[in-house]
Amino acid sequence: AALPASRDRPFDSQVYANLQAPGPMNELNMHFKSTLYWAPFLARNPHLPDCPPFQEKVLYKITPRRYVNQVQRHIEKTLMDTFETARRSRFTTHWNRTCNRILAELVDGCEEQHLRFVIEPELGGRQAGQQAGQQPVPHKHKHHPPPPVSTAGKAGDEAGPMTPEEVHVTALGKLFALFPNLEGYPLNMPYTSVDDVCAAVLRTGMHLREDRLVEYACAVRVVPYPCRVLSVWVYMALLQRSAHER
């Protein structure tokens with residue numbers, strides 16, 4: 236054990252190494268000037284080598300976009316294959332391409348909404364980082380869906396680029412207009428492996444629906460952070476179709 240010096244002790248700028256046998260703190264001899272119990276650790280003692288502190292410089296390397304795209308495609312393909320395999324013994328899995336495209340619009344803004352509504356309030360109102368996709372310093376949370384958003388605007392607001400939450404609400408409107416009997420939600424997790432992503436989706440139990448008229452939709456978005464830290468969003472949906480629609 237070593238105790239750093241402080242202003243309330245007479246040995247400022249010195250660290251002492253404990254020479255006593257391990258034991259409860261209340262049984263330690265705290266006479267730091269006694270060489271039987273404590274040894275000065277820094278270079279002021281001529282018999283000990285100088286041990287300057289050393290801290291490597293932390294470098295945040297940009298995650299290559301090509302790597303991100305490869306991971307995203309790999310997750311999406313493996314996830315859909317795993318989902319189909321889990322249902323193969325009972326039903327054939329049908330994927331709705333129209334719903335896939337709309338879910339892709341939804342999942343694109345999930346990370347930015349999460350940063351704005353979850354991370355930023357936890358940081359006391361401080362900016363949570365750069366815009367999602369521009370690789371701010373990592374700060375990960377597991378399995379947080381984006382919070383509900385409101386479509387109400389302020390009176391007198393001029394038309395301009397839509398915010399991520401407005402895009403989300405618009406895409407949800409498209410979904411429910413086309414597929415009123417839709418169920419689904421997004422999952423968010425730090426990327427560790429494709430198997431972990433597939434396991435998280437299967438834990439939702441969506442593949443267990445016992446109905447031949449069910450269709451599915453899936454969209455994957457991978458958001459990069461420095462040093463190949465990745466945030467994975469998976470938006471899964473289940474569409475209950477009536478018999479005459481098939």
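Under this note's numbering, the first residue of the sequence shown is numbered 236, with each subsequent residue one higher.
Note that CB positions come from ideal geometry on N, CA and C, so glycine has one too.
Cβ distance (whole Å) where residue i is taken to contact residue j below 8 Å
| i | j | result |
| --- | --- | --- |
| residue 303 | residue 459 | 5 Å |
| residue 417 | residue 472 | 6 Å |
| residue 432 | residue 441 | Contact flag wrong, Cβ pair sits at about 14 Å. |
| residue 526 | residue 474 | This structure gives no information on residue 526, because the portion of the chain shown stretches from 236 to 481. |
Given residue i as reference, the closest of the options once Cα atoms are compared
| i | options | result |
| --- | --- | --- |
| residue 411 | 253, 312, 337 and 401 | 337 |
| residue 426 | 467, 296 and 345 | 467 |
| residue 340 | 313, 267 and 398 | 398 |
| residue 437 | 293, 316 and 309 | 316 |
| residue 405 | 344, 435, 445 and 352 | 344 |
| residue 321 | 443, 259 and 407 | 443 |
Sequence-distant residues of its chain with Cβ nearer than 7 Å to residue i (five each side left out)
| i | result |
| --- | --- |
| residue 366 | Model confidence at residue 366 stands at a pLDDT of 45, short of 50, so the residue's coordinates are unreliable and nothing is read from them. |
| residue 326 | 447 |
| residue 255 | 263, 264 and 272 |
| residue 409 | 337 |
| residue 385 | Here the model assigns residue 385 a pLDDT of 35, short of 50, so the residue's position is not dependable, and the following value carries that caveat. So no residue of the chain qualifies. |
| residue 476 | 448 and 450 |
| residue 402 | 340 and 344 |
Cβ shell of residue i (< 6 Å), same chain only, five flanking positions each side left out
| i | result |
| --- | --- |
| residue 329 | 450 |
| residue 310 | 429, 432 and 455 |
| residue 291 | none |
Endpoints, the alpha helix (DSSP H) within which residue i is located
| i | result |
| --- | --- |
| residue 331 | Per DSSP, residue 331 belongs to no alpha helix (DSSP H) and is neither H nor E. |
| residue 293 | No alpha helix (DSSP H) contains residue 293, which DSSP labels as neither H nor E. |
| residue 318 | 300 to 322 |
| residue 437 | 429 to 437 |
| residue 347 | 345 to 349 |
Host beta strand (DSSP E) of residue i (start-end)
| i | result |
| --- | --- |
| residue 474 | 464 to 475 |
| residue 416 | Premise fails: residue 416 is in no beta strand (DSSP E) and is neither H nor E. |
Cut-off 8 Å between Cβ atoms - residues of its own chain near residue i, not counting five sequence neighbours on either side
| i | result |
| --- | --- |
| residue 462 | 295, 296, 298 and 373 |
| residue 342 | 421, 454, 455, 456, 468, 469 and 470 |
Bridge-paired residues (DSSP) for residue i
| i | result |
| --- | --- |
| residue 456 | 468 |
| residue 424 | 467 |
| residue 253 | 273 |
| residue 449 | 475 |
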